[in-house]
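Number 288 in the working numbering belongs to position 125 of the sequence shown; there are no gaps in the numbering.
Positions of the beta carbon are idealized from the N, C-alpha and C atoms, including for glycine.
This report concerns only the one structure given below.
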Amino acid sequence: MFLTDLNGVLGTLKSPDFIAGASILVIFAVFIALIFKRRVVLAVDITMTILLIAALAFGYNVVFSVLSFAYMTFIAVVAIINAGIFRHYIANPTDKIKGSSKLFVNNNLVENKVTDQATMIKEISEAVTNLSKTKTGALITFERKDSLDEYIKTGTVINSPITKELIQTIFYPGTRLHDGAIVIRDNIIVSASVYYTPTTKPLSGKYGARHRAAMGISETTDSVTIIVSEETGRISIAADGNLVPIALDNFERSLNDYLEVQDL
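Have a look at this one:
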């Protein structure tokens, strides 16, 4: 009697209807759990993967079962949802998915691009202030009329909107790109870890490799370069072959003046 009941239970568990129904419940539970954790994209991705596997494994057996209509309808609905969510990224495969933790982003910057100089200067000013206070060395170069393509090639292409968080992350000593300069073109960080030929001009006072590199690029191009000293945290700007110390409380105004003069 017991064996008969056990065989009956096992038979039920192995039946296509039970497997199909159980798979739907599991999928639904996973989907809801991820939705509540605001992992919508991941939820749809995992759901589609499970559905495809389930369809291949059980689709043939349940196609004529009582649950086949609900099962196939569910697959179709989730497929439509998935297509809707990823439609933008299928059309633009290089687009960044919101919420991504990747440091580097793509060339499609319409939504995130800093379009006005005032906002750009504010972001850079806040980043430089934090870098100065923590004595984190940095080089930030603004390309003007003279192309810096030759130097950009020596670094790592980023093509990212300007944010204080990104600038501070790049120059953090633990990152691979903290040495060298970042180059800004049209309010976009185009490259990082860029190297310049240092100046051969003798400099009065104690200046390190960053200051000499900034002076070097200012002698050969019309670029403007911000230097944050790793030893003292002091800020300087190199332009037109000159190196000028800038007080922290006057940095934002000074940078704006340099960039406005260069734009004339």
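Subject >> Backbone secondary structure at S399 - three-state DSSP >> reply: Strand.
Original post:
Based on Cα-Cα distance, which residue from R307, I303 and G379 lies nearest to L366?
Top reply: Nearest C-alpha to L366 among R307, I303 and G379: G379.
Original post:
Which term fits S323, buried or exposed, when burial requires 16 or more other beta carbons within 10 angstroms of its beta carbon?
Top reply: So S323 counts as buried.
Subject >> DSSP three-state assignment for T384, whether helix, strand or coil >> reply: DSSP places T384 in coil when its eight states are reduced to three.
Original post:
What is the residue span of the beta strand (DSSP E) that Q352 lies within?
Top reply: It should be noted that the sequence gives Ile, not Gln, for residue 352. Secondary structure note for I352: its beta strand (DSSP E) is the uninterrupted segment I351 to V357.
Original post:
Between T319 and I333, what straight-line distance do the alpha-carbon atoms span, to the nearest angstrom?
Top reply: For T319 and I333, the distance between alpha carbons rounds to 11 angstroms.
**OP:** Would you mind stating whether E393 and K298 have Cβ atoms separated by less than 8 angstroms?
**Re:** A contact, by the Cβ cut-off of 8 angstroms.
**OP:** Could you name the residues that DSSP lists as bridge partners for A301?
**Re:** A301 is bridged by DSSP to V391.
Original post:
Thinking C-alpha only, which one of I325, I345, H374 and T360 is nearest I315?
Top reply: Of the candidates I325, I345, H374 and T360, the one whose C-alpha sits nearest the C-alpha of I315 is I345.
Subject >> Backbone secondary structure at L339 - three-state DSSP >> reply: In the sequence on display, residue 339 carries Arg and not Leu. In this structure, R339 counts as coil in the three-state DSSP scheme.
**OP:** Following the continuous alpha helix (DSSP H) through A290, name the residue where it begins and the one where it ends.
**Re:** For A290, the enclosing alpha helix (DSSP H) stretches over residues Q280 to K296.
Subject >> Alpha-carbon to alpha-carbon, V353 and S295 >> reply: Answer to the nearest angstrom: the Cα atoms are 23 angstroms apart.
**OP:** List the endpoints of the continuous beta strand (DSSP E) containing I321.
**Re:** Looking at the DSSP string, the run of the beta strand (DSSP E) that includes I321 is T319 to P324.
**OP:** Leaving aside the five residues before and after T317 along the sequence, list all residues of the same chain whose C-beta is less than 6 angstroms from its C-beta, in chain order.
**Re:** So the qualifying residues of the chain are V357 and Y358.
**OP:** Determine the closest residue to I389 out of E328, K308 and G343, with distance taken between C-alpha atoms.
**Re:** Its Cα nearest to that of I389, the residue G343 stands out among E328, K308 and G343.
Subject >> S386 versus S310, I351 and K364, residue with shortest Cα-Cα distance >> reply: Nearest option by C-alpha distance: S310.
Original post:
Tell me which same chain residues have a C-beta within less than 7 angstroms of the C-beta of Q331, skipping the five on either side of it?
Top reply: Setting aside the 5 residues that flank it on each side, Q331 is surrounded in the same chain by A290, N293 and L294, each with a C-beta closer than 7 angstroms to its C-beta; the list follows chain order.
**OP:** Note down the Cα distance separating L411 from I398, rounded to an integer number of angstroms.
**Re:** L411 and I398 have their C-alpha atoms some 7 angstroms from each other.
Subject >> Beta carbon proximity, D309 to chain D, threshold 8 angstroms >> reply: The structure shown contains no chain D, having only a single protein chain.
Subject >> A344 - DSSP class collapsed to helix/strand/coil >> reply: DSSP places A344 in strand when its eight states are reduced to three.
Subject >> Heavy atom of the ligand ZN within 7 angstroms of D420 beta-carbon >> reply: By its list of ligands, the structure shown contains no ligand whatsoever, and the ligand ZN lies outside what it can speak to.
**OP:** Could you tell me which of A401, D279 and V407 sits nearest to L302, measuring between CA atoms?
**Re:** When each option's Cα is compared against that of L302, the closest is A401.
Subject >> Euclidean distance between Cα positions of N279 and T363 >> reply: In the sequence on display, residue 279 carries Asp and not Asn. Looking at the two C-alpha atoms, the distance is approximately 36 angstroms.
**OP:** Go ahead and pull the three-state DSSP assignment for L422.
**Re:** In the three-state DSSP reduction, L422 falls in the helix class (H, G or I).
**OP:** Tell me whether K316 sits in a helix, a strand or coil according to DSSP, three-state version.
**Re:** K316 falls in the coil class under three-state DSSP.
Subject >> Residue span of the alpha helix (DSSP H) that contains L406, given as start and end >> reply: No alpha helix (DSSP H) contains L406, which is instead part of the beta strand (DSSP E) from N405 to I409.
**OP:** Give me the Cα-Cα distance between A355 and L418, rounded to the nearest whole angstrom.
**Re:** A direct Cα-to-Cα measurement between A355 and L418 gives close to 20 angstroms.
Original post:
What whole-angstrom Cβ distance do I321 and M283 have, given they're in contact under 8 angstroms?
Top reply: Not really, about 15 angstroms apart at Cβ, beyond 8 angstroms.
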